[in-house]
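A short worksheet on the structure shown next.
Number of protein chains: 2
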Amino acid sequence: MAAPKSGLGDMADVKEAIKNQGEIVRKLKQEKADPEKISEEVQKLLSLKEQLGDARPQKFQLKTPKGTRDYNPRQMAIREGVFKTIINCFKRHGAETIDTPVFELKETLTGKYGEDAKLIYDLADQGGEILSLRYDLTVPFARYLAMNKINTIKRYHIAKVYRRDNPAMTRGRYREFYQCDFDIAGQYDLMIPDAECVKIVAEILSELNVGDFIIKLNTRLLLDGMFAVCGVPEDKFRTICSAVDKLDKTFWEDVRSEMVDEKGLAPEVADRIGEYVRLNGQLELVDQLMQDEQMMKNKMARQGLEEMKLLLTYCQLFGVLDKVSFDLSLARGLDYYTGVIYEAILTTEKVQSDGGDKNEPVGVGSVAGGGRYDGLVGMFDPKGKKVPCVGVSIGIERLFSIMEAKAEAAEGKVRTTETQVYVASGQKNMLEERMKLCNLLWEGGIKTELSYKKNPKLLNQFQYAEEHGIPFLAIIGEQELKDGVVKVRNTSTREEETFPRDKLLEEIRTRVGPS
Amino acid sequence: MAAPKSGLGDMADVKEAIKNQGEIVRKLKQEKADPEKISEEVQKLLSLKEQLGDARPQKFQLKTPKGTRDYNPRQMAIREGVFKTIINCFKRHGAETIDTPVFELKETLTGKYGEDAKLIYDLADQGGEILSLRYDLTVPFARYLAMNKINTIKRYHIAKVYRRDNPAMTRGRYREFYQCDFDIAGQYDLMIPDAECVKIVAEILSELNVGDFIIKLNTRLLLDGMFAVCGVPEDKFRTICSAVDKLDKTFWEDVRSEMVDEKGLAPEVADRIGEYVRLNGQLELVDQLMQDEQMMKNKMARQGLEEMKLLLTYCQLFGVLDKVSFDLSLARGLDYYTGVIYEAILTTEKVQSDGGDKNEPVGVGSVAGGGRYDGLVGMFDPKGKKVPCVGVSIGIERLFSIMEAKAEAAEGKVRTTETQVYVASGQKNMLEERMKLCNLLWEGGIKTELSYKKNPKLLNQFQYAEEHGIPFLAIIGEQELKDGVVKVRNTSTREEETFPRDKLLEEIRTRVGPS
Chain L
1 MAAPKSGLGD MADVKEAIKN QGEIVRKLKQ EKADPEKISE EVQKLLSLKE
51 QLGDARPQKF QLKTPKGTRD YNPRQMAIRE GVFKTIINCF KRHGAETIDT
101 PVFELKETLT GKYGEDAKLI YDLADQGGEI LSLRYDLTVP FARYLAMNKI
151 NTIKRYHIAK VYRRDNPAMT RGRYREFYQC DFDIAGQYDL MIPDAECVKI
201 VAEILSELNV GDFIIKLNTR LLLDGMFAVC GVPEDKFRTI CSAVDKLDKT
251 FWEDVRSEMV DEKGLAPEVA DRIGEYVRLN GQLELVDQLM QDEQMMKNKM
301 ARQGLEEMKL LLTYCQLFGV LDKVSFDLSL ARGLDYYTGV IYEAILTTEK
351 VQSDGGDKNE PVGVGSVAGG GRYDGLVGMF DPKGKKVPCV GVSIGIERLF
401 SIMEAKAEAA EGKVRTTETQ VYVASGQKNM LEERMKLCNL LWEGGIKTEL
451 SYKKNPKLLN QFQYAEEHGI PFLAIIGEQE LKDGVVKVRN TSTREEETFP
501 RDKLLEEIRT RVGPS
Chain D
1 MAAPKSGLGD MADVKEAIKN QGEIVRKLKQ EKADPEKISE EVQKLLSLKE
51 QLGDARPQKF QLKTPKGTRD YNPRQMAIRE GVFKTIINCF KRHGAETIDT
101 PVFELKETLT GKYGEDAKLI YDLADQGGEI LSLRYDLTVP FARYLAMNKI
151 NTIKRYHIAK VYRRDNPAMT RGRYREFYQC DFDIAGQYDL MIPDAECVKI
201 VAEILSELNV GDFIIKLNTR LLLDGMFAVC GVPEDKFRTI CSAVDKLDKT
251 FWEDVRSEMV DEKGLAPEVA DRIGEYVRLN GQLELVDQLM QDEQMMKNKM
301 ARQGLEEMKL LLTYCQLFGV LDKVSFDLSL ARGLDYYTGV IYEAILTTEK
351 VQSDGGDKNE PVGVGSVAGG GRYDGLVGMF DPKGKKVPCV GVSIGIERLF
401 SIMEAKAEAA EGKVRTTETQ VYVASGQKNM LEERMKLCNL LWEGGIKTEL
451 SYKKNPKLLN QFQYAEEHGI PFLAIIGEQE LKDGVVKVRN TSTREEETFP
501 RDKLLEEIRT RVGPS
């Protein structure tokens, strides 16, 4: 509905405002600015026009909700390729898959995400249960295990999750996004499933060919031991841990000031932490820290180091030692981790000049993360029965962005259909015959299309096949019908061959290969 | 939190109530009643126990939201098979795919679903945009076309939609459920894309092997023409149309009474409609109606009959005439249809004695529906520009239910993983060697698992392979390592062969086939 018209004096002001706002929109469009920014300014313009009362009010805001996007067929083709690689890897490691609803009872999510709980999308109370959209796939997985009393499973789950976060869509940060989770639940010997999770991340990132990457490793045990050794009071472990977690996004000075000024840590304690968190390496770093008498006196630190040594040994056996870095600065935000933690980052990714959020340091590209969470399932079990779990989550949106940019750069055609044959005719009144031929090919399992026009031009049909990358045309006319043959044209070479109709399927099959 | 304890006298009452309620729950469980019913009664029992103050309150309600379900790995394996059949069919017909967000701006959905709008899930207003979960895939598709100014596309979209309906889960009616939509947008010649939609439904239902089915056909034009001929006032067309739509769920007498008593139609007009809606057939029915002078005088009816004749002719060319029925009682609920309408029903499905909703007649099994909607995209375009569309939606949940029941009945093992080789050893201290061998197989693309125990028993490893249907074991011990060989055991025949380690991949590959 249009707003009530203003007086005449106001009208001039509004017209002036519309002119100015129009300029802003034009300029943004010329500059090819962020589409979301443009859309915002267009909305302002429209609401100004509405004040004027003479503009036809746009019936609908034609947009997807903030922080979400549609996938067009080209993006879907890329997405399907990425999923295929990931699912193949999960299956190669013997995983089954499950699915859970997109929303959960709100109480299922309560108390699992610490400060991030404010980012959860709630459903309106329309009577009945109080529901929220899932924030990740880990908590629903733990709920599933407890509810079905499952003690051992190796499962993957690929699905969308929802976070009311500040979107940065050019960097692949959305409010609706996919997670690809692989988790191993069960009481097993130390570090064996944990090492397989590292292996899986390494395989996926290598196969997707997104450039160099490194998988950072640490353990919560060692972190806590280190905090104790440095003199952090036990009740501050978690809050100091979340300060350390910011080291991948900000400088040590800022983290130190958060510890000292905000969280009341003694400066000398913070400085001791500062010494440790700059360390990273592999087995030699484990050995070095095992020489650290203070550390070795602390039970948690000692156990953490032993676990890390084992994990690195297993990474070596799995052939991925060159992809990992034992990194004392890795902390991970979530409260529920109890052991090993992982984070994979891309090391060659360049921040695009037009897209990057200027507040984030260059080269930060976390694309996978995870860890061991032995207590989460117990939070759901009425008797608190624990099911140890370890898992990783592949952050697929950033990988999509990279793959899309690569496809863009390669300028190669991404086929969005798999059509093998286009049934065509250059003559009039051939629709029924085209339909019959099409049906013959469909029944033979050949992916086939035809023009939905009664009498399409032959050239248009050739063009359609060429534009859509359809490799063959099956052409008929009066003569072909009389002779009981079909002409097969190779779209790229333009060679034509004629086959008896009853040999057509066979001939096409040898040309397109198994489907 | 437990409720405050009641006085002693009340306590006895509560104990009595708990005892009774306990009986109810036990009885339901014995009867294997509807799990939701059981869960409801258990909740009552728990809240009674809470009144008593001595029960440990359950920390979480361990359930999925009403009308939703998890998919376990077995169900996922069946679901994947169904999707594969459907996607193959869509691709065989040259469709691309898109995806849209799970929620839309509320205003995008407003005014599209008539009375059903009350079933839309809204998100809570947490600041920012007002959002709703999608109710179907058609409206988001129309929004996508208008937003991206797309005039021609053939696309499929498989995704979950959300309806706050009364769930009947044993009959496959959920609040969160999949739709598999195939739509053709574009200005084409009459009935050609419309016939392809029929063909697609016929192919999918035949390939899924869910028993006999029939695809009912009608057109809105003919319905409106028929209403006019019978004497229905024009402003009552839509409301009488929705009364006719109930004919698949209820008897003519009830529909007639709705028309006459509720909607104020003259009894003789209703009776005239009653004559028509009992008609169904194929081309001979079109011919019969074309003899009906009253009908042929009405432009809409005449055009509708001509369209139906063309559609049936094309169905014949596509080899699906035996699957279709021109049925004057088919009306479809949604307002936005403007031409052909479809609905596929299973004709051999039996309602299970324990599961069916007693209010629905036996044999009603709508599993696909759709039609032509030439006006919907225009509702989103600022200038009202129309894009003609026709499409079908496969209602997959009921098909899942049937496939699951079939798998259950067959008692065959549904494999939930694709693991080809299980690396095993009967000796101690072989973990590292098992890991190395596992890695060799992974690197060779073989789907491989190993036990996560340090020293698992050989028998347990054999058992694991057998239970999970893993066809081969690769077994090593001291001797095999010394000789540089691996023993390969066929899980089902128990035959063992020994191969040099460097021939292992090759030998395995010839046994498991291409992956």
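Taken in order, these protein sequences are the chains called L and D. The first sequence maps to residues 1 to 515 in UniProt numbering. The second sequence maps to residues 1 to 515 in UniProt numbering. We treat Cβ as the ideally placed atom computed from N, Cα and C, and that holds for glycine.
Terminal residues of the alpha helix (DSSP H) in which residue 192 (chain D) lies:
192–208
Residue 311 (chain D) beta carbon less than 8 Å from that of residue 277 (chain D)
no
Can you name the start and end residues of the beta strand (DSSP E) that residue 476 (chain L) belongs to?
Here residue 476 (chain L) belongs to no beta strand (DSSP E), and DSSP marks it neither H nor E.
Does residue 55 (chain D) get closer than 8 Å to chain L when you measure Cβ to Cβ?
Confidence at residue 55 (chain D) is low in this model, with a pLDDT of 41, below 50, so the placement of that residue is unreliable and no value is reported for it.
Could you give the C-beta distance for residue 341 (chain L) and residue 330 (chain L), rounded to a whole number, given that I count them as a contact under 8 Å?
6 Å
Should residue 92 (chain D) be flagged as near chain L, meaning a C-beta pair shorter than 8 Å?
yes
Looking only at DSSP bridge pairs, what is residue 219 (chain L) linked to?
L:340
Starting from residue 87 (chain D), trace the beta strand (DSSP E) in both directions and tell me its first and last residue.
Taken as a continuous stretch (DSSP letters only), residue 87 (chain D) belongs to no beta strand (DSSP E), being part of the alpha helix (DSSP H) at 73–92.
Using a C-beta cutoff of 8 Å, does residue 105 (chain D) count as contacting chain L?
yes
State the beta-bridge partners of residue 154 (chain D) as determined by DSSP.
D:184
Pull up the distance between the alpha-carbon of residue 398 (chain D) and that of residue 465 (chain D), whole angstroms please.
33 Å
Can you check whether the C-beta of residue 101 (chain D) is within less than 8 Å of a C-beta belonging to chain L?
yes
Short check: CB of residue 392 (chain L) to CB of residue 142 (chain L), under 8 Å?
no
Between which two residues does the alpha helix (DSSP H) harbouring residue 396 (chain L) extend?
396–410
Please report how far the alpha carbon of residue 327 (chain L) lies from the alpha carbon of residue 382 (chain D), in whole angstroms.
55 Å
Contact set for residue 418 (chain D): own chain, Cβ-Cβ below 7 Å, skip 5 residues either direction:
447
The stretch 474–489 of chain L in contact with the stretch 420–436 of chain L per 3-pair CB rule at 8 Å
yes
Sorted by chain position, which residues of the same chain lie with C-beta nearer than 7 Å to residue 500 (chain D)'s C-beta, five sequence neighbours on each side aside?
484, 485
With a CB to CB cut of under 7 Å and the five nearest residues on each side skipped, what residues in its chain are close to residue 237 (chain L)?
224, 227
Alpha carbon to alpha carbon, how far is residue 522 (chain D) from residue 69 (chain D)?
In the structure as shown, chain D begins at 1 and stops at 515. Residue 522 (chain D) is therefore absent and cannot be evaluated.
Beta-carbon separation of residue 83 (chain L) and residue 158 (chain L) under 8 Å?
yes
How many whole angstroms separate the CB atoms of residue 155 (chain L) and residue 98 (chain L), which I take to be in contact at a CB cut-off of 8 Å?
5 Å
Looking only at its chain, what residues have a beta carbon closer than 7 Å to the beta carbon of residue 27 (chain D), apart from the 5 residues adjacent to it on each side?
none
Where does residue 32 (chain L) fall in DSSP's three states?
coil
Starting from the Cα of residue 174 (chain D), find the closest Cα among D:144, D:315, D:65 and give me that residue.
D:65
So what does DSSP say about residue 96 (chain D), is it helix, strand or coil?
strand
Are residue 298 (chain L) and residue 229 (chain L) closer than 8 Å when you measure CB to CB?
yes
Rounded C-alpha distance that separates residue 48 (chain D) from residue 254 (chain D)
43 Å
Is there contact between the stretch 196–206 of chain D and the stretch 86–94 of chain D, where contact requires at least three CB pairs shorter than 8 Å?
yes
Short CB-CB distance (under 8 Å) between residue 380 (chain L) and chain D:
yes
For residue 76 (chain L), tell me which candidate among L:496, L:416, L:442, L:445 has the shortest Cα-Cα distance.
L:416
Distance between residue 131 (chain D) and residue 307 (chain D) (C-alpha atoms, nearest Å):
40 Å
Through-space distance from residue 43 (chain D) to residue 106 (chain L), alpha-carbon basis:
17 Å
Measuring alpha carbon to alpha carbon, tell me which of L:375, L:317, L:387 ends up nearest residue 435 (chain D).
L:317
Can you tell me where the alpha helix (DSSP H) with residue 317 (chain D) in it begins and where it stops?
299–317
Contact under 8 Å by Cβ, residue 402 (chain D) with residue 210 (chain D):
yes
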